[in-house]
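Participant: Residue numbers (the working numbering): 6 to 499.
Think of the CB as a built atom: it goes at the ideal place given N, C-alpha and C, for glycine as much as any other residue.
Next up is a structure, given as structure tokens.
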Ligand code: SAH
């Protein structure tokens, strides 16, 4: 596996192209070797003149070590455990080698030539074999917006049999005027993205890496969602968190990025889809989060509510939607997380004044009775109960249905039966790392009937999102209506 990085001295520049060696912290006159966990990395300079200097990183992968190095949860290359493309193709192994061998350069540091580290150079990067199932246009779509001129040439499956057609490997040549650190971060993030797999187990630290090395270019990248999903190899919870954090970096609504409940199919960039649904007229279908807010909003109107609580309001997406509805006169968002509330408050402040003045947000823990929550027409618990420990759920039921006792309570929660329809979701996994449980439709119905019976509410159920004949819809919603107002008014007065 090989990557070469060439730098050409600009016309009139005072420094020799071999100064690339300072930036890479590798002396052009020496060949160096670095032991890696899966093989050996060599750095050598096939070309080193004042005019042009080329550094080559050659990675020799030992497939046996790759198998031995596997820990629990490392993706199994199954049939191809010993025979696979990893020794030859530019993948996450090369990213790791870049970060260990060229770490200082990757971070943009250069003690000897700091000004050079900050200078855009005439660069040319060549990779003889980049795995890229989507073909050359994928390489173009991810590298071109970053300022690279991209030449991606598909490699034939076998040159001796041209009729077999092309393989899914490309020869990739990138030319552009960029800082070396930028170039290395692009390779570091995007090579595994094009490959679509990683040789190591992913955890939340991977999000930090993506944001650190994507700094300065990922938030503005037109394919940032696709890149994020592929970088995190479609691990649903990691992707969701990463997109939300990315959105925060440039202050966009995470939902506009489709951060919530995506179908993690292996579609290419620019072909984002949401949860499977009938495709109509080629328009982008609304995301599940949009459908969920609409369903909750509709239920509130059906019940004739005008003063409503959004309990566990999070970053306030529902508050914003409800604020635009003149039928609602008072909207209160409550959440335990100050961080989420700050974002919600900031978004509310940006609303037109007539909307903003009907909305308040405040901190509160729903597992404790709060007298100020009493007397509202309706309360919403949208995607909240599953964040509460099963042992604390009774306390929440008491605080909401028993003490606050609004006329209507709208509860939404994931339908765990639907999880098999999410490709990126491992069997038995939850949709969000903070979920304490996810219920089947029967489990939700049991809970809702018990809560209704205990606190005097009738309950009806509604699926949210496209319905699957076998597993139902992705979200389940229960609408509770209080049966006996007189009793509760008396309780309130007591
Ligand atoms: N309703 C929002 C947010 C759902 S995420 C939406 O659908 O977009 C769940 C939210 O519940 C988080 O913001 C979390 O901080 C909040 N939450 C969890 N447990 C809580 C508790 N005990 N009291 C108040 N808020 C809680």
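1. Determine the direct distance from the alpha carbon of residue 325 to that of residue 274, and round the result to whole angstroms.
2. Using DSSP's beta-bridge definition, name the partner residues of residue 236.
3. Compare the Cα-Cα distances from residue 410 to each of 394, 395, 377, 426 and report the closest residue.
4. Report, in whole angstroms, the separation of the C-beta atoms of residue 153 and residue 181, which I expect to be a contact under 8 angstroms.
5. To the nearest angstrom, how far is it from the Cα of residue 211 to the Cα of residue 251?
6. Counting pairs of Cβ atoms below 8 angstroms between the region 125-135 and the region 221-229, do you hit three or more?
7. Quick one: is the Cβ of residue 506 within less than 7 angstroms of any heavy atom of ligand 1?
8. For ligand 1, is there a heavy atom less than 7 angstroms away from the beta-carbon of residue 375?
9. To the nearest angstrom, report how far apart residue 6 and residue 45 are at their CA atoms.
10. Just the Cα atoms here: how many angstroms apart are residue 353 and residue 346?
11. Quick one: what does DSSP say residue 27 is sitting in, helix, strand or coil?
12. Could you tell me which of 25, 381, 419 sits nearest to residue 391, measuring between CA atoms?
13. To the nearest angstrom, how far is the alpha carbon of residue 29 from that of residue 96?
14. Do you know offhand how far residue 367's Cα is from residue 373's?
15. Over the uninterrupted alpha helix (DSSP H) stretch that includes residue 389, give me the two end residues.
16. Apart from the five residues just before and just after residue 138, which ones in its own chain have a Cβ nearer than 6 angstroms to its Cβ?
17. Distance check for residue 402 and residue 302, CA to CA, integer angstroms please.
18. If you drop the 5 nearest sequence neighbours on each side, which residues of the same chain put their C-beta closer than 8 angstroms to that of residue 549?
19. So is residue 146 buried or exposed if we call it buried at 16+ other beta carbons inside 10 Å?
20. With 16 as the cutoff for other CB atoms within 10 Å, does residue 454 come out buried or exposed?
21. Grouping DSSP H, G and I as helix and E and B as strand, with all else coil, what is residue 377?
22. Comparing C-alpha positions only, which one of 143, 305, 151 sits nearest to residue 235?
23. Closer than 7 angstroms to a non-hydrogen atom of ligand 1 - does that hold for the CB of residue 137?
24. Alpha carbon to alpha carbon, how far is residue 161 from residue 451? Give it in angstroms, no decimals.
25. Which same chain residues end up closer than 8 angstroms to residue 395 when comparing Cβ atoms and leaving out the 5 residues on each side of it in sequence?
26. With DSSP collapsed to three states, give me the class of residue 484.
27. Taking the alpha helix (DSSP H) that residue 193 falls in, what are its first and last residues?
28. Taking 7 angstroms as the cut-off, is the CB of residue 330 close to at least one heavy atom of ligand 1?
Facilitator: Straight from the coordinates:
1. Locating residue 274 in the chain shown gives position 269, counting from the first residue. Locating residue 325 in the chain shown gives position 320, counting from the first residue. Caution is warranted here: a pLDDT of 45 is assigned to residue 274, below 50, making its placement in the model unreliable, and the coordinate value is therefore given only provisionally. So the alpha carbons of these two residues sit roughly 30 angstroms apart.
2. Here residue 236 refers to the residue found at position 231 of the chain shown. DSSP, once it has assigned bridges, lists no residue as partnering residue 236.
3. The sequence position of residue 410 within the chain shown is 405, counting from 1. Here the closest residue by C-alpha is 377.
4. Here residue 153 refers to the residue found at position 148 of the chain shown. Here residue 181 refers to the residue found at position 176 of the chain shown. With 8 angstroms as the limit, residue 153 and residue 181 qualify as a contact, their Cβ atoms being about 4 angstroms apart.
5. Here residue 211 corresponds to residue number 206 of the chain shown, with the count starting at 1. Here residue 251 corresponds to residue number 246 of the chain shown, with the count starting at 1. Going by the C-alpha atoms only, they are around 13 angstroms apart.
6. no
7. Given a span of 6 to 499 for the chain in the structure shown, any question on residue 506 remains unanswerable.
8. Position 370 of the chain shown holds residue 375. No - ligand 1 has no heavy atom lying nearer than 7 angstroms to the Cβ of residue 375.
9. Along the chain shown, one-based indexing puts residue 6 at 1. Along the chain shown, one-based indexing puts residue 45 at 40. Approximately 11 angstroms, taken between the alpha carbons.
10. On the chain shown, residue 353 is found 348 positions in, with the first residue counted as 1. On the chain shown, residue 346 is found 341 positions in, with the first residue counted as 1. Whole-angstrom Cα-Cα distance: 10 angstroms.
11. Taking the chain shown and counting its residues from 1, the one referred to as residue 27 is at position 22. Note: residue 27 maps to helix in three-state DSSP.
12. Taking the chain shown and counting its residues from 1, the one referred to as residue 391 is at position 386. Of 25, 381, 419, the residue nearest in Cα terms is 419.
13. Here residue 29 refers to the residue found at position 24 when the chain shown is read from its first residue. Here residue 96 refers to the residue found at position 91 when the chain shown is read from its first residue. Cα-Cα distance, rounded: 20 angstroms.
14. Reading the chain shown from its first residue, position 362 is the one you call residue 367. Reading the chain shown from its first residue, position 368 is the one you call residue 373. Near 14 angstroms, if we compare the C-alpha coordinates of residue 373 and residue 367.
15. Here the question's residue 389 lines up with position 384 in the chain shown. Premise fails: residue 389 is in no alpha helix (DSSP H) and is neither H nor E.
16. Residue numbering aside, residue 138 sits at position 133 when the chain shown is read from its first letter. Excluding residues within five positions, the ones whose Cβ falls inside 6 angstroms are 173.
17. Taking the first residue of the chain shown as 1, we reach residue 302 at position 297. Taking the first residue of the chain shown as 1, we reach residue 402 at position 397. Roughly 22 angstroms between the two C-alpha positions.
18. One cannot answer for residue 549 here, as it falls past the ends of the chain, which runs 6 to 499.
19. Your numbering for residue 146 matches position 141 in the chain shown. So residue 146 ends up on the buried side.
20. In the chain shown, residue 454 corresponds to position 449, counting from 1. Exposed, since its Cβ has fewer than 16 Cβ neighbours within 10 Å.
21. As a first step, residue 377 is located in the chain shown; it is residue number 372 there, counting from the start. Note: residue 377 maps to helix in three-state DSSP.
22. In the chain shown, the residue the question calls residue 235 occupies position 230. If we check each option's Cα against that of residue 235, 143 comes out closest.
23. Within the chain shown, residue 137 is the residue found at index 132, counting from 1. Every heavy atom of ligand 1 is 7 angstroms or more from the Cβ of residue 137, so no.
24. Here residue 451 refers to the residue found at position 446 when the chain shown is read from its first residue. Here residue 161 refers to the residue found at position 156 when the chain shown is read from its first residue. C-alpha separation (whole angstroms): 58 angstroms.
25. The residue you call residue 395 lines up with position 390 of the chain shown. Excluding sequence neighbours, residue 395 sits near 441, 442.
26. As a first step, residue 484 is located in the chain shown; it is residue number 479 there, counting from the start. Residue state, collapsed to three classes: strand.
27. As a working note, residue 193 is residue 188 in the chain shown. Unbroken alpha helix (DSSP H) run through residue 193: 185-200.
28. If you number the chain shown from 1, residue 330 lands on position 325. Because no heavy atom of ligand 1 lies under 7 angstroms away, the Cβ of residue 330 does not count as near it: no.
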